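This report refers to the structure that appears directly beneath it.
In my numbering, the protein residues as written are 355 to 451.
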């Protein structure tokens, strides 16, 4: 008997605004650029890439590629996406090690 593996889009797991913000904060805290891009992509997919395309003017395929775990989006991509998601970046002094 073989094992059946079903792929799940993690965007379906992050439906609430609170969960989405927590995911992106966790990614930012990690300092891992690929995780940050992926987390923003998960939230964008959860809210709808077609809506993101319409609100940002960035093609859906470009968003999907840039906001993947292998993506490397520029600020020119990140900033309009965050604005469309009604999110903003916040900078504060890091705690001393």
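Where a beta carbon is used, it is the ideal one built from N, C-alpha and C, also for glycine. For clarity, every value in this text was computed on a predicted model and none was experimentally measured.
Endpoints, alpha helix (DSSP H) assigned at residue i
i: residue 431; result: 429-438
i: residue 419; result: 414-420
i: residue 404; result: 403-410
Spatial neighbours of residue i in its chain, beta-carbon cut-off 7 Å, leaving aside the 5 residues before and after
i: residue 427; result: 391, 420 and 421
i: residue 396; result: 364, 365, 368 and 377
Residue i (DSSP reduced to helix, strand or coil)
i: residue 392; result: helix
i: residue 374; result: helix
i: residue 423; result: coil
i: residue 450; result: coil
Residue i versus residue j - alpha carbon distance
i: residue 443; j: residue 356; result: 46 Å
i: residue 448; j: residue 439; result: 25 Å
Own chain residues within Cβ distance below 8 Å of residue i, not counting five before or after
i: residue 425; result: 388, 391, 392, 395 and 419
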